[in-house]
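If you read the sequences in order, they're chains A and B. Per UniProt numbering, residue 1 is the first one in the first sequence, and the count goes up by one each step. Per UniProt numbering, residue 1 is the first one in the second sequence, and the count goes up by one each step. Virtual Cβ for every residue (Gly too), placed ideally from N, Cα, C.
There are 2 protein chains.
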Amino acid sequence: MLPTSITVAEQVFHLAKAVEADLPELVGLLADDVLGAEREGRDMQPYRMAFQEIDGDPQHCLLTVRDISGVLAGTMQLTLIPGLSRGGAKRLQIEGVRVGSSARGAGLGAALFEWAHEYGRSRGAVFAQLTTDKRRSDAHRFYARLGYEPTHEGFKLAL
Amino acid sequence: MLPTSITVAEQVFHLAKAVEADLPELVGLLADDVLGAEREGRDMQPYRMAFQEIDGDPQHCLLTVRDISGVLAGTMQLTLIPGLSRGGAKRLQIEGVRVGSSARGAGLGAALFEWAHEYGRSRGAVFAQLTTDKRRSDAHRFYARLGYEPTHEGFKLAL
Chain A
1 MLPTSITVAE
11 QVFHLAKAVE
21 ADLPELVGLL
31 ADDVLGAERE
41 GRDMQPYRMA
51 FQEIDGDPQH
61 CLLTVRDISG
71 VLAGTMQLTL
81 IPGLSRGGAK
91 RLQIEGVRVG
101 SSARGAGLGA
111 ALFEWAHEYG
121 RSRGAVFAQL
131 TTDKRRSDAH
141 RFYARLGYEP
151 THEGFKLAL
Chain B
1 MLPTSITVAE
11 QVFHLAKAVE
21 ADLPELVGLL
31 ADDVLGAERE
41 GRDMQPYRMA
51 FQEIDGDPQH
61 CLLTVRDISG
71 VLAGTMQLTL
81 IPGLSRGGAK
91 RLQIEGVRVG
101 SSARGAGLGA
111 ALFEWAHEYG
121 RSRGAVFAQL
131 TTDKRRSDAH
141 RFYARLGYEP
151 THEGFKLAL
């Protein structure tokens with residue numbers, strides 16, 4: 001059983017699977033970011049449709065992290081991906097990571113990733129993978145501190 | 001309806017969703033690679049378990065590509081990932097790409113990616129993403145020619 005709260009620098013944060021009522025705050029957190037600001041919209045309908053797909057598939061876990069006053073402090077989306085390569089290895093893919101500006105620097109990000117890794121291990125994942133925009137140099141240092149290795153080039157193409 | 005065959009340099013290749021009987025050949029193709037050789041094993045059991053998980057989830061499409069004599073010429077795993085970020089964008093994730101050494105250089109890889117992108121679009125994906133080992137410089141040039149942009153750093157961590 002994974003813990004549903006984490007304590008960082010004497011502050012307690014509650015972790016939960018996102019529900020639809022979380023969406024406006026989640027989108028606000030995604031947009032509260034130098035790159036996210038230009039990528040996120042105001043119309044909630046596409047987010048609602050995406051949420052229903054995420055929520056309806058047990059391979060995804062969209063996580064909310066709230067402080068004791070209920071303010072959304074962080075989010076990440078965890079996806080389990082089975083695959084043949086690397087000996088039939090299951091991957092834990094981590095997308096859409098945000099820690100609110102008020103909670104940064106206190107260790108919440110690192111604690112959240114520890115939780116995510118334990119979640120992955122408990123479901124049979126043997127490695128975690130994520131990509132981060134090359135402009136996010138702070139994020140690169142953060143992932144390196146957690147033990148992540150920048151072994152791959154991350155490509156994207158608009159369809 | 002997506003085409004189930006592609007013609008490259010007057011050679012016809014048949015595309016199909018992988019079945020369990022394809023596994024030994026698929027693993028052989030994954031291992032027939034400078035990096036794959038050290039990553040793949042001989043015991044089929046972990047591959048069978050991974051295959052069953054892939055096959056049981058409609059969000060995945062593990063593809064086999066065979067030439068007209070039935071020889072396996074390529075494979076890739078396509079996964080649709082809904083997400084909140086980027087306006088609730090659905091991603092087409094591409095993993096485990098291999099084109100057999102006998103079929104390389106003739107344009108099969110590019111044709112296969114065209115097929116994959118059409119598959120993604122037909123299922124609502126608005127961008128494709130993949131990562132490739134930084135040592136695969138030929139692959140980087142190949143993806144750049146297809147229009148992919150190397151905007152992201154790809155991190156991995158053993159769990």
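Notebook entry, point to check: Using the rule of at least 16 other Cβ atoms within 10 Å of the residue's Cβ for burial, across every protein chain shown, is Glu95 (chain B) buried or exposed?
Noted result: Classification for Glu95 (chain B): buried.
Check: Would you report the Cα separation of Ala116 (chain A) and Ala144 (chain B), rounded to the nearest angstrom?
Finding: 32 Å
Next item on the list: Give a yes or no on whether 7 Å exceeds the smallest Cβ distance from Ser122 (chain B) to chain A.
Entry: Taking CB atoms only, Ser122 (chain B) has no neighbour in chain A less than 7 Å away.
Next item on the list: Output the distance between the C-alpha atoms of Ala111 (chain A) and Arg98 (chain A), rounded to the nearest integer angstrom.
Entry: 13 Å
Check: By the 10 Å Cβ neighbour count, where 16 or more other Cβ atoms means buried, how is Thr132 (chain A) classified, buried or exposed?
Finding: By the 16-neighbour rule on beta-carbons within 10 angstroms, Thr132 (chain A) is buried.
Margin query: Measuring CB atoms only, is the region 43-51 of chain A touching the region 65-84 of chain B, in the sense that at least three cross pairs come out at less than 8 Å?
Written below: yes
Check: Expressed to the nearest angstrom, what Euclidean distance is found between the alpha-carbon atoms of Ser137 (chain A) and Gln77 (chain B)?
Finding: In this structure, the straight-line span from the alpha carbon of Ser137 (chain A) to that of Gln77 (chain B) is close to 30 Å.
Check: Okay, do the region 139-159 of chain A and the region 34-48 of chain B touch, 3+ Cβ pairs below 8 Å being the bar?
Finding: no
Next item on the list: Would you mind telling me which residues of chain B sit closer than 7 Å to Phe142 (chain A), beta carbon to beta carbon, in chain order?
Entry: Within chain B, no residue comes near Phe142 (chain A); the closest Cβ sits about 10 Å away, beyond 7 Å.
Check: Using the rule of at least 16 other Cβ atoms within 10 Å of the residue's Cβ for burial, across every protein chain shown, is Ile54 (chain A) buried or exposed?
Finding: With a 10 Å radius around the Cβ and a threshold of 16 neighbouring Cβ atoms, Ile54 (chain A) comes out buried.
Checklist line | Simplified DSSP state of Glu10 (chain B), which is helix, strand or coil | finding: coil
Checklist line | Which listed residue (B:Gly28, B:Arg91, B:Leu72) has its alpha carbon closest to that of Ala128 (chain B) | finding: B:Arg91
Next item on the list: Select from B:Lys17, B:Gly154, B:Ser5, B:Asp33 the residue whose C-alpha is nearest the C-alpha of Ser101 (chain B).
Entry: B:Asp33
Notebook entry, point to check: Under 7 Å between the Cβ atoms of Leu108 (chain B) and Thr75 (chain B)?
Noted result: Taking C-beta atoms as the reference points, Leu108 (chain B) and Thr75 (chain B) fail to come closer than 7 Å.
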